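Participant: Encoded as structure tokens, here's the structure I'll be asking about.
Protein chains: 2
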Amino acid sequence: MDNEVSLPRDFDALRTMILDRREMLPKRLAQIAAYALSNPDEIAFGTAASIAQTAGVQPSTLIRFAQHLGFDGFTSLQSVFRERLRERQVSYEERLSALRGDTHGLSKNRVILNGFLTAASHSIETISHNVEEDVLASAVDILAGAETIYLLARRRSYPITAYMAYAFGKLKIRNQLIESTAGIDPEILSFAKPTDAAIAISFSPYASATIEHAAALAARNVPVVAITDSAFSPLAQSAKVWFEAAEGDFSGFRSLSGTMALAMALTVSVAEKRRSF
Amino acid sequence: MDNEVSLPRDFDALRTMILDRREMLPKRLAQIAAYALSNPDEIAFGTAASIAQTAGVQPSTLIRFAQHLGFDGFTSLQSVFRERLRERQVSYEERLSALRGDTHGLSKNRVILNGFLTAASHSIETISHNVEEDVLASAVDILAGAETIYLLARRRSYPITAYMAYAFGKLKIRNQLIESTAGIDPEILSFAKPTDAAIAISFSPYASATIEHAAALAARNVPVVAITDSAFSPLAQSAKVWFEAAEGDFSGFRSLSGTMALAMALTVSVAEKRRSF
DNA sequence: ATCAAGACGGATCAGTTATTCCATTTTCTC
DNA sequence: GAGAAAATGGAATAACTGATCCGTCTTGAT
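These protein sequence lines are chains A and B, in that order.
All the letters of the first sequence, read from the start, carry residue numbers 4 to 280 under the working numbering.
All the letters of the second sequence, read from the start, carry residue numbers 4 to 280 under the working numbering.
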């Protein structure tokens with residue numbers, strides 16, 4: 004409406020323009036602006052309705068956004084996003100070399116990043132193939148029936164349970180993260196009853212605390228769901244149900260991607276199951 | 004009509020298929036085939052009517068062409084041309100299960116797991132394309148030169164910094180995880196000097212503590228490296244260098260896979276860089 | 001030359017599209 | 001805190017979308 008003088012014809016100009024006006028934009032329009040800049044492909048290919056839905060706004064707002072920037076409608080705005088894809092047809096080679104271990108002309112930093120990305124990708128693939136239907140089902144059963152879910156993990160596995168604790172909290176599912184900040188883990192765990200349940204996560208070299216806690220709970224008939232790396236894991240023995248998650252690693256640090264996805268799937272599945280009670 | 008067994012999902016396969024059948028195609032269909040291979044962008048973005056006009060055929064012929072190749076309509080054919088231009092090229096297996104809502108014979112649990120795995124996969128793809136060489140390099144520079152690295156994140160981003168703290172510890176790099184268990188975060192952060200550095204991670208809706216801490220550090224000339232979701236993030240303003248990590252999400256919970264891989268890459272890269280001092 | 005089988009063109013249709021409009025809510029100003 | 005202005009949500013709409021259908025035409029075997 005105001006800026007008829009210079010309406011951006013290419014994506015970079017549009018991007019700059021949006022970033023300039025960032026502060027002056029109304030809430031919903033800013034929401035779209037953010038979405039558009041982080042999901043340009045969606046804008047290019049989607050319809051106004053589909054984009055609006057995934058961005059969490061009304062279709063009419065999308066059009067208002069386009070008009071606010073000086074375009075005469077969503078279609079004109081969209082054409083800028085499409086133009087961008089037509090021209091940016093160069094990075095195809097980079098893509099291939101990036102995915103393969105092709106380290107020609109790549110910086111050391113980039114090689115490291117690619118290493119972690121590849122490890123993550125593998126770990127997701129592996130989980131996808133290794134998780135069995137009935138194991139998943141019985142794990143969800145156990146956890147959905149539990150009064151309190153105890154979360155056991157240390158060191159490299161701790162981030163997983165930390166995220167689970169967050170998600171369980173959001174989903175209003177009672178849980179107890181064993182963190183040992185005050186050194187009273189055994190006392191907290193002594194409250195666990197057979198009507199509760201625990202999730203234990205540990206990979207070789209296994210954290211002794213996790214192993215011991217899981218064993219102690221199992222001895223008192225508290226059902227344990229474990230995520231570990233092999234059938235020989237001491238965790239597998241304490242567990243009523245266990246998942247094999249052989250994570251890829253890079254330079255000594257495991258990717259957590261597959262385990263994380265599995266853990267979150269368990270979390271949400273438990274919530275879904277409880278909702279159906 | 005004939006080839007139901009293997010209809011091409013990616014552009015290269017389609018191209019090969021068309022070239023194979025070149026001779027056997029009726030006149031108008033061959034005309035479209037030639038046009039499609041030399042103007043793939045037009046097919047990707049145009050409508051059946053507009054393409055038909057520029058290719059000099061009837062719209063119905065276009066649809067017949069698609070069906071002749073085994074697609075069930077022009078739209079399915081077009082999606083192959085669009086996929087070709089997409090930035091994040093996901094394997095078509097995932098597309099099927101994720102976008103189609105292909106829940107045939109899959110249990111609810113499995114659908115949820117697939118959802119998280121797909122989100123993780125997307126997030127890795129996205130990171131892989133979005134991280135720029137020079138941004139990565141200067142982030143590593145900043146962090147490698149720091150005396151102490153402060154780690155700022157809350158809620159869903161906290162698992163990332165938890166893992167970084169673990170990894171930095173193993174690599175003997177001095178770091179301070181801001182956890183607020185004792186509520187003395189401001190005091191701890193007040194120790195930070197311009198010769199230190201911080202990593203701040205937050206996604207919309209941003210955790211206010213992270214935003215404030217990052218801003219406070221920036222105001223005192225402590226360099227901040229941020230990982231966030233868009234240029235609109237308040238974190239981006241406090242940061243000297245920032246990465247865009249638009250994580251996919253499933254049922255309200257973000258995948259952390261891409262961010263995790265980036266975080267670990269930063270961690271290891273910093274260690275590598277220090278070793279060369 | 002005949003005639004069937006396939007290819008083609010164009011009218012038609014149901015579904016979807018981008019857009020407009022207006023009542024309601026939110027935000028800003030005094 | 002009252003009033004004005006801007007922003008927003010949501011229903012309504014007209015245009016257009018991909019797809020279907022069927023009569024006409026082309027092709028090639030006999």
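All C-beta atoms in this analysis are idealised placements derived from N, C-alpha and C, irrespective of residue type, glycine included.
No experiment lies behind these values; they were computed from the predicted model shown.
Going by DSSP, what residue range makes up the alpha helix (DSSP H) through A248 (chain A)?
Facilitator: First-last for A248 (chain A): undefined, no H or E at that position.
Participant: Quick one: what's got a C-beta closer than 8 Å to D232 (chain B)'s C-beta in the same chain, skipping five residues either side?
Facilitator: So the list reads F206, S207, E247, A248, A249, E250, once near-sequence residues are dropped.
Participant: Please return the same chain residues whose Cβ sits closer than 7 Å to the Cβ of R18 (chain B), not counting the five positions on each side in sequence.
Facilitator: Result list for R18 (chain B): L40, in chain order.
Participant: What residues in its chain sit with their C-beta under 7 Å from that of S53 (chain A), if we drop five residues either side in the sequence?
Facilitator: Answer for S53 (chain A): no residue qualifies.
Participant: Do you know offhand how far T270 (chain B)'s Cα is from L22 (chain B)'s?
Facilitator: When rounded, the distance between both Cα atoms is 48 Å.
Participant: Determine the extent of the alpha helix (DSSP H) in which N178 (chain B) is found, giving its start and end residues.
Facilitator: First-last for N178 (chain B): 178 to 180, but that is the beta strand (DSSP E), not the alpha helix (DSSP H).
Participant: Given that T184 (chain B) touches chain A, what residues does it touch there, using C-beta distances under 7 Å?
Facilitator: Result: T184.
Participant: For M329 (chain B), is the classification buried or exposed, using 16 other Cβ atoms within 10 angstroms of its Cβ as the cut-off for buried?
Facilitator: The shown model of chain B, from 4 to 280, leaves out residue 329 (chain B), and the question about it has no answer.
Participant: Closer than 7 Å by C-beta to D252 (chain A): which residues in its own chain qualify, once you throw out the five before and the five after it? Chain order, please.
Facilitator: Answer for D252 (chain A): A122, S258, listed in chain order.
Participant: Which residues share a DSSP beta bridge with A165 (chain A)?
Facilitator: In DSSP, A165 (chain A) forms no bridge with anything.
Participant: Do the CB positions of A212 (chain A) and L120 (chain B) come within less than 9 Å of each other?
Facilitator: The answer is no: Cβ separation not under 9 Å.
Participant: Can you grab the Cα-Cα spacing for the pair M4 (chain A) / I66 (chain A), in whole Å?
Facilitator: Caution applies to M4 (chain A), whose pLDDT of 40 falls short of 50 and renders its modelled position unreliable; the model cannot decide the point.
Participant: Taking the alpha helix (DSSP H) that T270 (chain A) belongs to, which residues open and close that run?
Facilitator: Run containing T270 (chain A): 260 to 278, per the alpha helix (DSSP H) assignment.
Participant: What would DSSP say about R89 (chain B), mapped onto helix, strand or coil?
Facilitator: Note: R89 (chain B) maps to coil in three-state DSSP.
Participant: Do we get a CB-CB distance below 9 Å when we pair V228 (chain A) with the residues of chain B?
Facilitator: Chain B, which has no Cβ nearer than 9 Å to the Cβ of V228 (chain A), makes this no.
Participant: DSSP on F171 (chain B), reduced to helix/strand/coil?
Facilitator: Helix, per DSSP.
Participant: Under three-state DSSP, which class holds I21 (chain A)?
Facilitator: The answer is helix: DSSP assigns I21 (chain A) an H, G or I state.
Participant: So with CB distances below 7 Å, who are the chain A contacts of R85 (chain B)?
Facilitator: Near R85 (chain B) (Cβ distances below 7 Å), the residues of chain A are F48.
Participant: Quick one: what's got a C-beta closer than 7 Å to I145 (chain A)'s C-beta in the same chain, skipping five residues either side?
Facilitator: Within the same chain, I145 (chain A) has close Cβ partners A200, P226, V228, K243, V244.
Participant: Could you give the DSSP three-state label for A101 (chain A): helix, strand or coil?
Facilitator: Its pLDDT being 47, under 50, A101 (chain A) is placed unreliably by the model, and the measurement read from it follows with that caveat. Reduced to three states, the DSSP call for A101 (chain A) is helix.
Participant: Check distances from the C-beta atoms of the stretch 220 to 252 of chain B to those of chain A and list, in chain order, the residues that come in under 7 Å.
Facilitator: Correct list: D232, S233, A234, F235, E247, A249.
Participant: Alpha carbon to alpha carbon, how far is S272 (chain A) from F256 (chain A)?
Facilitator: Spanning the two alpha carbons is a distance of roughly 29 Å.
Participant: Taking the alpha-carbon of R158 (chain A) as reference, which of A:Y209, A:R12, A:V143 has the nearest alpha-carbon?
Facilitator: Ranking A:Y209, A:R12, A:V143 by Cα distance to R158 (chain A) puts A:Y209 first.
Participant: Just to confirm the assignment, what range does the alpha helix (DSSP H) spanning L139 (chain B) have?
Facilitator: Per DSSP, L139 (chain B) belongs to the alpha helix (DSSP H) from 136 to 147.
Participant: Determine the chain B residues that contact D188 (chain A) at a beta-carbon separation under 7 Å, and present them in chain order.
Facilitator: Ordered by position in chain B, no residue passes the 7 Å Cβ test against D188 (chain A), which lies about 15 Å from the chain.
Participant: Less than 9 Å separating the beta-carbons of A164 (chain B) and L180 (chain B)?
Facilitator: Checking the sequence shown, residue 164 (chain B) turns out to be Thr, not Ala. Contact: yes.
Participant: What residues of chain A sit near K175 (chain B), judged by a beta carbon separation below 7 Å?
Facilitator: Ordered by position in chain A, no residue passes the 7 Å Cβ test against K175 (chain B), which lies about 13 Å from the chain.
Participant: Residues of chain B with CB closer than 7 Å to the CB of L88 (chain A), please, in chain order.
Facilitator: Neighbours of L88 (chain A) on chain B, chain order: L88.
Participant: Closer than 9 Å, CB to CB, is E96 (chain A) near chain B or not?
Facilitator: Caution applies to E96 (chain A), whose pLDDT of 42 falls short of 50 and renders its modelled position unreliable; the value that the coordinates give is listed next. For E96 (chain A), the answer is no, since every Cβ of chain B falls outside 9 Å of its Cβ.
Participant: Look at the alpha carbon of M263 (chain A) and the alpha carbon of T57 (chain B), and state the distance between them as a whole number of angstroms.
Facilitator: Rounded to whole angstroms, M263 (chain A) to T57 (chain B) spans 50 Å at the Cα level.
Participant: Helix, strand or coil: which one does DSSP assign to R257 (chain A)?
Facilitator: Residue state, collapsed to three classes: strand.
Participant: Between B:D13, B:A219, B:F74, B:Q81, which has its C-alpha nearest D44 (chain B)'s C-alpha?
Facilitator: Of the candidates B:D13, B:A219, B:F74, B:Q81, the one whose C-alpha sits nearest the C-alpha of D44 (chain B) is B:Q81.
Participant: Taking a cut of 8 Å between CB atoms, which residues from the stretch 110 to 139 of chain A lie near chain B?
Facilitator: From the stretch 110 to 139 of chain A, only S110, K111, N112, R113, I115, L116, N117, G118, F119, L120, A122, A123, S124, I127, I130, S131, V134, E136, L139 have a Cβ closer than 8 Å to chain B.
Participant: Find out if the Cβ-Cβ distance for the pair I230 (chain B), L265 (chain B) is shorter than 9 Å.
Facilitator: A contact, by the Cβ cut-off of 9 Å.
Participant: Would you report the Cα separation of T129 (chain B) and G261 (chain B), rounded to the nearest angstrom?
Facilitator: Computed Cα separation, rounded: 8 Å.
Participant: Helix, strand or coil for I187 (chain A), going by three-state DSSP, please let me know.
Facilitator: If DSSP states are grouped into helix, strand and coil, I187 (chain A) belongs with coil.
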